[in-house]
Each structure stands twice: as C-alpha cells, then as structure tokens.
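Structure record follows, encoded as structure tokens.
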Amino acid sequence: MSLRMNKKAFEIQFNWIFVLVAGAAIILLFTSIVIKQKNIAETSTKSTVLKSVDAIITGASVSTDTTNIITIPNSNIEVSCNRISISGISRQYEHLILYAPSLMKGDKLITQTLTFSVPYRATNLLLVTSPQLRYIIVGSNNLAKEINKSMPAELKKEFYQNTPQIRNSNNYKVRLVLIEDMIDFPESLEKMPDNDVSAIKINGDKEKGAIEFWQKNGNSWQHKGTSSYIGKPSLIAAVYTDNIESYECNMQNTFTRLNLVTRIFVERTKKLMEKELVSIKEIRCKELYTNALFYFNKILTASLNFNDENVNKISDSAKSLASNNKDAQLNSCTLLY
Amino acid sequence: MKKQKKSQIQIGETIAVLFVFFILVTIGFIFYAKVIKGNIELEKDELSQLRSVGVAQRVMFMPEVQCSEDNVIIDNCIDILKLEAAKSLISEKELYYYDLLEFSDIKILQIYPEEAEWEIYSRKIDNFRNKFLTNVPISLYNPATRKHSFGVLAIETLSR
Chain Y
3 MSLRMNKKAF
13 EIQFNWIFVL
23 VAGAAIILLF
33 TSIVIKQKNI
43 AETSTKSTVL
53 KSVDAIITGA
63 SVSTDTTNII
73 TIPNSNIEVS
83 CNRISISGIS
93 RQYEHLILYA
103 PSLMKGDKLI
113 TQTLTFSVPY
123 RATNLLLVTS
133 PQLRYIIVGS
143 NNLAKEINKS
153 MPAELKKEFY
163 QNTPQIRNSN
173 NYKVRLVLIE
183 DMIDFPESLE
193 KMPDNDVSAI
203 KINGDKEKGA
213 IEFWQKNGNS
223 WQHKGTSSYI
233 GKPSLIAAVY
243 TDNIESYECN
253 MQNTFTRLNL
263 VTRIFVERTK
273 KLMEKELVSI
283 KEIRCKELYT
293 NALFYFNKIL
303 TASLNFNDEN
313 VNKISDSAKS
323 LASNNKDAQL
333 NSCTLLY
Chain X
1440 MKKQKKSQIQ
1450 IGETIAVLFV
1460 FFILVTIGFI
1470 FYAKVIKGNI
1480 ELEKDELSQL
1490 RSVGVAQRVM
1500 FMPEVQCSED
1510 NVIIDNCIDI
1520 LKLEAAKSLI
1530 SEKELYYYDL
1540 LEFSDIKILQ
1550 IYPEEAEWEI
1560 YSRKIDNFRN
1570 KFLTNVPISL
1580 YNPATRKHSF
1590 GVLAIETLSR
C-alpha cells in the first residue's frame, strides 16, 4: 500500500516537475524573443532618426534659405565635429557642414539653411537646433535686430535691447547672444550645469567680425576662445553652435568647400579669357576677367585655412569681385558668377 | 505493470503535445522571419531608390556645375565651362566627393544640336545588388558662346 502511494506521489511530482521545466523553457523562449524584439525596435528607432538627419542634410544641400520643423522619434542627438550620434549609434562624415548645439533633445528639430556666398555661392550652411533650447539676444544696434530677424520664429528666442532680468524657465540649455557688452552671469541660471549655459559676444558688423565664446563656470563666465565670421550666415551659424571647437571645425569644412568651388571659378574665368578678341567690348571684358582672376586666386589661397587673417582677405576680395561682376554686366560681358 | 504503462503513456502524450507545440512555434517563427525578411528587402530597395534620388538632387544643385546669373541659380542648367573644370577636380578629390555622390556613375550627355559626353564621377562596386538609373533632362549652357544646348544628366547608383 505504502509502496503504491509512494509510486503515485512520485508520478504526480514528476508530472509537476516536467510541466514546470517545460513551462520555464517556454517562458524563457518568449522572454528572449521579447527582449530581442525590443532591442531591434530601439535600434530601428535610432536608425530612423539617423536616416531623418541624413535626409535633412541632403535636403539642405538642395534648398536655399528655408526653415523646416521636423518631427522625429523622441531622442537625444549629439553633434560634434563630422559626427552625429544617437544613443551609441553614430555616423561619421568626411566634411560635414552642420551647425548645431552639442546636444539636441526632444521629438522636434528646427532646421534652417542659409547660402554661404563670398560673393558666389560656395555651399549651403545647415543649421539645426531643438525648440526646447532657449536663446536670449541682447543688443540695441542693427546687427542685434538683424540676428533676431534671421532666426526662425518657431525657436524659443527672446530679444532685449537692454540687459534683462533673466529668469530660469527650465530649459535644458540656454544660449546668450550679446552684441554690445558682456553681461554679468545671471543669478537665476547658477544652478544649471556648466555645459548647459553658454554665450557669444559679437564684435563686428554684417560682413565680418570676431566672436567670443563664453561658458558658465560656477557663477561666472569663462572665456573659451575667439573666432571669426564672414557674412551673416556664418554669424547665425555661430549662434546655433554652442562650442568653439565645433564652430571652427564646421567653418574649416565650409572653407574647404569654398576652396573647391573657387578652383572651378578660376578655371572658368581662364577659359573665358581664351576667347579671341575682336571688338573693343571683348578687350574690356578680358581686362575685367584678368582683374577678377587675381581676386579668385586670392580667395583660393585664403580659403585653405580658416583664420582671422584669411577671413579679412576673402571679405576684401569678395567685395572687389562683386564690383567686377557688376562691371561685367554693364559692359555686356559674360558674368563671372 | 499496467499502472507503469499508463503513466508512461501519459508522459509520452505530454511529450507529444510539447513536440507538436514546439513544431507549431517553429513554423510560426519561420513564417514571421520570412515576412520580416521580405519587409527588410522592401525597405532596402526603397532606401536604395531614395539614395539614388538624393544623389541626383545633390548633383543638380552642386555649385561646381550649376549655372548662375549674378549669383541667381538657374534650375536644371549645367554650365559647360564649369563642367570641364569640375571633371578634373572631382576625379582628383574623389574621396571628398564620395561623401556626396557615394557609389555612382554620373554622366552628362549632350543630345542636341551636337552629341557630346562628359563623365564627371565614377565610383563603382563589383558585387552590387541594386542598380538605379535616373535621367534628368537638362539645359547645357556655354558662357563663352552664350549658347544653350539640350542634354541629359544620367545618374547610375549602385548598392549592395
């Protein structure tokens, strides 16, 4: 009797153990599938964002002076020199022209494309930022008004003619754009992390000038370095980029592109000069082309490196080229650009 | 003996049920994997086509070849004098232009009044899986003679 009971108990127990093992195996199988699927979905979301950024970059190269608001899956996009990263997934570029803050948060991106012309179009500057980032422009001159006007209305921007009383409105980053004088560090922003509060001070006009980069250091400002800008588009680009290294890297890439485009214009002008001279008009045109070639070559040499001296050289040559082009138009010659 | 046989049959039954269950799960997975694979293939094709259109757009708007009049861009127009200079520049700086033009073969064909051909970029892969050809009708402008001609921009993109 006891032996039979024992045997039955063993059978029942064995059945339960068997069901338990089989059940555990099934649960394990499905859990591993769910985890894998979750990882795939996350990777897919990240790659979707990267693809969107890639599409934005392509779009920027084909459209000029446009502003767009793009909805993306909620993510943190990190931008550094020639690199875009989204939570571990990155894409490296050879010469990326993308002016953006080092970190963009949220599910929306604001993009702006501006033409970089000196005076002929060399490339488009792509400026990207997050609507969650706060911009504070302080200045009373025309340049301050011009900067405010050039930045899209969709941005969280504030414009003050005099030093304002700045309040903390819980933005993950705050960028101050100071035109005339540097202001004291706002007390309300003291609790924010050092990397999240930055400022630029602009000394110059619409054509060219210097930009001082500042960053929060405890309860004061720390000078990070001084760079240059040439034309309003590169000035606006400096407003979007929150660190000097990234700005200078992008400007160097912009100058590399300018150098390549200038090479084309040098060759084109040489070919225009090869034309047989029959009339007085053609002799005048050749004079103009010879003159222009000198300035094209100046830009060609100066665009090899982005620095203050070369910015001045390019700016001066650009003015002369613009005047030459106008003369070419007046004399019914083929235009230089 | 009889009881033992009955329990053996019971365990056998459970194993058989589990076996059938796992077979069904496996069949389900195979079906799911096939559907997913099909979707991935479709997405890959779509991406290749998008890339092809992207390359075509980038070529059309490159300041290296585009026509302009007092810095005003003329759409669907290629400057022949720029084109000849761009040809040698792009082949010299092939790595730089790879970022923009990827694996593709870009030709400009003049159709009327005379026939001519310029190959401005060619970077091919041997074992490609997809090949897309985009033809864009364009106007070719010669600033030296100030004459326009008719042509086609042929962009062939390759992808693995």
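Line by line, the protein sequences are chains Y and X.
The first sequence lines up with residues 3 to 339 when you count with the numbering used here.
The second sequence lines up with residues 1440 to 1599 when you count with the numbering used here.
Yeah, the Cβ is synthetic: ideal placement off N, Cα and C, and Gly gets one too.
Note that the structure is a prediction, hence the values are computed from the model and not measured.
Distance cut-off 7 angstroms: residue i Cβ against heavy atoms of the ligand HEM
i: residue 1460 of chain X; result: What this structure holds is no ligand at all, so the ligand HEM is not there to describe.
Partner residues on chain X for residue i, Cβ-Cβ distance less than 8 angstroms
i: residue 331 of chain Y; result: 1509
i: residue 121 of chain Y; result: 1510
i: residue 336 of chain Y; result: 1582, 1583 and 1585
i: residue 95 of chain Y; result: 1538
i: residue 339 of chain Y; result: 1507, 1509 and 1510
Rounded Cβ spacing between residue i and residue j (contact assumed at less than 8 angstroms)
i: residue 275 of chain Y; j: residue 283 of chain Y; result: Going by Cβ atoms, the distance from residue 275 of chain Y to residue 283 of chain Y rounds to 14 angstroms, so no, they are not a contact pair.
i: residue 1569 of chain X; j: residue 1519 of chain X; result: Not a contact, Cβ separation roughly 32 angstroms.
i: residue 46 of chain Y; j: residue 210 of chain Y; result: Not confirmed; about 45 angstroms, so no contact.
i: residue 267 of chain Y; j: residue 174 of chain Y; result: No, residue 267 of chain Y and residue 174 of chain Y are not in contact; Cβ-Cβ is about 43 angstroms, not under 8 angstroms.
i: residue 181 of chain Y; j: residue 145 of chain Y; result: 6 angstroms
i: residue 1545 of chain X; j: residue 1498 of chain X; result: 6 angstroms
i: residue 1510 of chain X; j: residue 231 of chain Y; result: That pair is no contact at about 20 angstroms.
i: residue 1500 of chain X; j: residue 63 of chain Y; result: 6 angstroms
i: residue 88 of chain Y; j: residue 52 of chain Y; result: 6 angstroms
i: residue 294 of chain Y; j: residue 271 of chain Y; result: 6 angstroms
i: residue 188 of chain Y; j: residue 213 of chain Y; result: No, residue 188 of chain Y and residue 213 of chain Y are not in contact; Cβ-Cβ is about 20 angstroms, not under 8 angstroms.
i: residue 1567 of chain X; j: residue 1534 of chain X; result: Rounded, the Cβ-Cβ distance is 20 angstroms, inconsistent with contact.
i: residue 1588 of chain X; j: residue 1551 of chain X; result: 6 angstroms
i: residue 117 of chain Y; j: residue 128 of chain Y; result: No, residue 117 of chain Y and residue 128 of chain Y are not in contact; Cβ-Cβ is about 11 angstroms, not under 8 angstroms.
i: residue 79 of chain Y; j: residue 106 of chain Y; result: 4 angstroms
i: residue 83 of chain Y; j: residue 251 of chain Y; result: 4 angstroms
i: residue 333 of chain Y; j: residue 290 of chain Y; result: 7 angstroms
i: residue 190 of chain Y; j: residue 170 of chain Y; result: 4 angstroms
Where the alpha helix (DSSP H) through residue i begins and ends
i: residue 312 of chain Y; result: 310-332
i: residue 1 of chain Y; result: Outside the displayed span of chain Y (3 to 339) sits residue 1 of chain Y, for which this structure offers no information.
i: residue 144 of chain Y; result: 144-152
i: residue 98 of chain Y; result: It is not in any alpha helix (DSSP H) - residue 98 of chain Y carries neither H nor E in the DSSP assignment.
i: residue 1538 of chain X; result: 1533-1540
Amino acids of chain Y, ordered along the chain, whose beta-carbon sits closer than 7 angstroms to that of residue i
i: residue 1540 of chain X; result: Here the premise fails: no neighbours, minimum Cβ distance about 11 angstroms.
i: residue 1614 of chain X; result: Since the first residue shown for chain X is 1440 and the last is 1599, residue 1614 of chain X is missing from the structure and cannot be characterised.
i: residue 1597 of chain X; result: Ordered by position in chain Y, no residue passes the 7 angstroms Cβ test against residue 1597 of chain X, which lies about 18 angstroms from the chain.
i: residue 1457 of chain X; result: 24
i: residue 1493 of chain X; result: 60
i: residue 1560 of chain X; result: Those within 7 angstroms of residue 1560 of chain X in chain Y number zero; the least Cβ separation is about 13 angstroms.
Interface residues of chain Y facing residue i [CB-CB closer than 8 angstroms]
i: residue 1525 of chain X; result: 266
i: residue 1497 of chain X; result: 60, 63 and 64
i: residue 1503 of chain X; result: 262, 263 and 266
i: residue 1532 of chain X; result: 262
i: residue 1551 of chain X; result: Neighbours of residue 1551 of chain X on chain Y: none; closest Cβ ~22 angstroms, over 8 angstroms.
Span of the beta strand (DSSP E), counted from its first residue to its last, around residue i
i: residue 119 of chain Y; result: 105-119
i: residue 1592 of chain X; result: 1586-1598
i: residue 158 of chain Y; result: 158-162
i: residue 1610 of chain X; result: Here chain X covers residues 1440 to 1599 and nothing more, so residue 1610 of chain X does not appear.
i: residue 124 of chain Y; result: 123-131
i: residue 1555 of chain X; result: 1555-1561
i: residue 188 of chain Y; result: First-last for residue 188 of chain Y: undefined, no H or E at that position.
Contacts of residue i in chain X (Cβ-Cβ under 9 angstroms)
i: residue 269 of chain Y; result: 1520, 1521, 1523, 1524, 1525, 1527 and 1528
i: residue 225 of chain Y; result: Ordered by position in chain X, no residue passes the 9 angstroms Cβ test against residue 225 of chain Y, which lies about 34 angstroms from the chain.
i: residue 124 of chain Y; result: 1502
i: residue 327 of chain Y; result: 1509 and 1510
i: residue 352 of chain Y; result: Missing from the structure shown is residue 352 of chain Y; chain Y here goes from 3 to 339 and no further.
Proximal chain Y residues relative to residue i, where beta-carbon distance stays under 9 angstroms
i: residue 1590 of chain X; result: The contacting residues do not exist; residue 1590 of chain X stays about 18 angstroms from chain Y at best.
Chain A contact residues for residue i, given Cβ-Cβ distances below 7 angstroms
i: residue 1467 of chain X; result: Here chain A cannot be found, since the structure's protein chains are Y and X.
Cross-chain neighbours of residue i in chain X, by beta carbon under 7 angstroms
i: residue 277 of chain Y; result: 1583
What are the uninterrupted segments assigned as beta strand (DSSP E) that are 3 or more residues long and contained completely in the stretch 202-282 of chain Y, given in chain order? Residue ranges of uninterrupted beta strand (DSSP E) with 3 or more members, entirely inside the stretch 202-282 of chain Y and ordered along the chain, are 210-219 and 222-232.
I want to know whether the stretch 1538-1558 of chain X touches the stretch 295-312 of chain Y - three or more CB-CB distances under 8 angstroms. Counting Cβ pairs under 8 angstroms, fewer than three are found: no touch.
At 4 residues or longer, what runs of the alpha helix (DSSP H) sit wholly inside the stretch 8-43 of chain Y? Fully enclosed alpha helix (DSSP H) runs of 4 or longer: not present.
Segment contact, 8 angstroms Cβ cut-off, at least three pairs: the stretch 131-145 of chain Y with the stretch 160-168 of chain Y: Touching, yes, given that three or more Cβ pairs across the two stretches are closer than 8 angstroms.
Decide yes or no for the touch test of the stretch 262-281 of chain Y against the stretch 92-103 of chain Y: beta carbon pairs closer than 8 angstroms, at least 3 of them. With the cut-off at 8 angstroms, the stretch 262-281 of chain Y and the stretch 92-103 of chain Y do not touch.
Flag this pair as touching only if the stretch 188-203 of chain Y and the stretch 233-250 of chain Y have three or more C-beta atom pairs under 8 angstroms; answer yes or no. Output reads yes: the stretch 233-250 of chain Y touches the stretch 188-203 of chain Y.
Between the stretch 1570-1579 of chain X and the stretch 1499-1516 of chain X, do three or more beta carbon pairs fall short of 8 angstroms? Touching, per the Cβ criterion.
Contact between the stretch 1555-1566 of chain X and the stretch 1481-1490 of chain X (3+ Cβ pairs under 8 angstroms): For the pair of segments examined, the stretch 1555-1566 of chain X was found not to touch the stretch 1481-1490 of chain X: the number of CB pairs separated by less than 8 angstroms stays below three.
Are three or more beta carbon pairs between the stretch 70-79 of chain Y and the stretch 36-44 of chain Y nearer than 8 angstroms? They do not touch, by the three-pair rule.
At a cut of 8 angstroms, does the stretch 221-233 of chain Y reach the stretch 1458-1474 of chain X through at least three beta carbon pairs? Verdict: no, contact absent.
Count the CB pairs spanning the stretch 1499-1507 of chain X and the stretch 317-329 of chain Y that are closer than 8 angstroms, and state whether there are at least three. The stretch 1499-1507 of chain X, when compared against the stretch 317-329 of chain Y, does not touch it at the 8 angstroms Cβ threshold.
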